[in-house]
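Colleague: Below you'll find the structure I mean.
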Amino acid sequence: MAVVLGIETSCDDTSVAVLDGTRQLSLITQNHLHEHVKYGGIVPEVASRQHMKAIGAVYRSALDSAQINPTDIDLIAATRGPGLAGSLIVGFNFARGLSTALSKPLVSVNHLEGHVYACWIGDNQHIPPSFPCVCLVVSGGHTELTVMDDDGYHRLLGRTRDDAAGEAFDKVARIMGLGFPGGPAIERYAELLGDMSAYNLPRAWLADSMDFSFSGLKTAVYRARNGLLGPTEERRIFKDGSYLDFQGLKRDSIVRMAAGFQESVVDVLTEKSAAAVKQVGAVSMVLAGGVAANTALRKSIKAKVGVPCFMPKMEHCMDNAAMIAMAGSIRWHSQMDHNLLYQDVDINPSLELGSGY
Ligand code: KG4
Ligand code: ZN
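End of the sequence shown sits at 678 in the numbering used here; the numbers just go up one at a time, nothing left out.
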């Protein structure tokens, strides 16, 4: 088994991980969201500079935590794209420097492929998904449904025509004033539904297409926004000291709206995944990406797709370097191509699932 160092800097997380085979020895992630909140979204230049400042220390902590020396590393894997160009360059160049200094091979990784391979991380007894496998990658920037016929081979079945699923969570949370990132916030409000009924919001089935669309749903929430006005409860404080603010809106309406929005997204993602599994005769399914952290979605997919479902542990749903190390390791060992020394490769901010590494 090889010791693999993974490096991920595609957006606002500086992350470095060490795997021994499929076993995680360390994962250190520094998130820089707080630096961006004051601007109301991710600012690319701020992101690159934060990665520059953080990468050295994050790398050293990942080695310390794994209790290894740089010379123990057999392989280096780094995200090549998709993502923010300036951010990708910081991580990929750091990896290139290490590869030169240590005389160890460098393998480039498609970030979306990394999300999928997060399901391969585990101890020695861990059994990975079998092929053909339907993959649904749902993140802040992507919603892609593919069938993976073998390691590294994806056929695209459908993708979003407008907003990504995570982006829809973020935008709807902003419309409702629930904070950023929107996914975890909406999920927490939706969990307060109890005996109330969720608002019935539209679902974009797009006839028989496997594509997705979430912009109509977002507009429906925007239109219904006035129905949320008028306070009944300002703040709900939980036993652990955490709280939810109702922003001067009607508590019940906001909860019913969050639940209705989540149900609509979960229904569409589940139905299309189940249809894809049937259509291609898949024997397993992978749900991955930040939105895969959503408990309602995990439960619904598990219950309805009819084949074994693989979902990353929560720490591997959001952007992290362990998934990059895992994808790089598989790529290296299965010799998916013959030019694995990537000293002269450029980053590629617009890679898609199945479009290369
Ligand atoms: O994969 P990721 O960490 O970054 C990208 O590559 O985009 O995904 C981030 C996205 C955000 O849009 C966030 O709102 C969403 O994942 N997300 C969730 C949940 N946790 C994170 N969406 C729904 N439910 C959640 N629990
Ligand atoms: Zn991601």
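We treat Cβ as the ideally placed atom computed from N, Cα and C, and that holds for glycine.
These numbers were taken from a predicted model, which means no experiment stands behind them.
Cα-Cα, which of D395, K560, A511, A614 is closest to H654?
Modeller: Closest option to H654, Cα to Cα, is D395.
Colleague: Does H353 come out as helix, strand or coil in the three-state DSSP assignment?
Modeller: H353 falls in the coil class under three-state DSSP.
Colleague: Taking DSSP as the reference, what is the three-state secondary structure of F501?
Modeller: Correct three-state label for F501: coil.
Colleague: Which residues end up in the neighbourhood of the ligand ZN when you take C-beta atoms closer than 5 Å to any of its heavy atoms?
Modeller: Going along the chain, the residues that qualify are S460, D640.
Colleague: Output the residue ranges of the beta strand (DSSP E) runs that lie fully inside the segment 504–581 and measure 3 residues or longer, sorted by chain position.
Modeller: Counting only runs of 3 or more, we get 556–558, 564–566.
Colleague: Since R476 and S518 should fall inside the 8 Å C-beta cutoff, what is the C-beta to C-beta distance between them, to a whole number of angstroms?
Modeller: Going by Cβ atoms, the distance from R476 to S518 rounds to 39 Å, so no, they are not a contact pair.
Colleague: By Cβ distance below 6 Å, which residues in the same chain neighbour L346 in space, the five residues on each side in sequence not counted?
Modeller: Only V339, A387 meet the Cβ criterion.
Colleague: Our contact map puts A609 next to P633 with C-beta atoms below 8 Å; I'd like the distance itself, whole angstroms only.
Modeller: Yes, A609 and P633 are in contact; Cβ-Cβ is about 6 Å, under 8 Å.
Colleague: Under the rule that 16 or more other beta-carbon atoms within 10 Å means buried, what is K620, buried or exposed?
Modeller: Under this definition K620 is an exposed residue.
Colleague: Express the C-alpha separation of S530 and G602 in angstroms, rounding to a whole number.
Modeller: Spanning the two alpha carbons is a distance of roughly 17 Å.
Colleague: Could you tell me the boundaries of the beta strand (DSSP E) in which L423 lies?
Modeller: No beta strand (DSSP E) contains L423, which is instead part of the alpha helix (DSSP H) from 406–423.
Colleague: Label V358 either buried or exposed according to how many other C-beta atoms from any shown protein chain fall within 10 Å of its C-beta, with 16 as the threshold for buried.
Modeller: Exposed is the call here.
Colleague: If we call anything under 8 Å between Cβ atoms a contact, is F490 one with V612?
Modeller: Contact: yes.
Colleague: I'd like the list of long-range same chain contacts for G551, defined as Cβ closer than 7 Å, with 5 residues on each side in sequence excluded.
Modeller: Excluding sequence neighbours, G551 sits near K571.
Colleague: Tell me the residue span of the beta strand (DSSP E) that contains I622.
Modeller: Counting along the chain, I622 falls outside any beta strand (DSSP E), though it belongs to the alpha helix (DSSP H) covering 616–625.
Colleague: Which one of A511, R524, M644, A399 has the shortest CA to CA distance from F567?
Modeller: The residue with the shortest Cα to Cα distance from F567 is A511.
Colleague: Is any heavy atom in the ligand KG4 found nearer than 7 Å to the beta carbon of G327?
Modeller: For the ligand KG4, not one heavy atom lies less than 7 Å from the Cβ of G327.
Colleague: Tell me which residues share the same chain as E555 and place their Cβ nearer than 8 Å to its Cβ, disregarding the 5 neighbours each side in the sequence.
Modeller: Cβ within range, chain order: D566, F567, G569.
Colleague: Rounded to whole angstroms, what is the Cα-Cα separation between I376 and A642?
Modeller: Whole-angstrom Cα-Cα distance: 12 Å.
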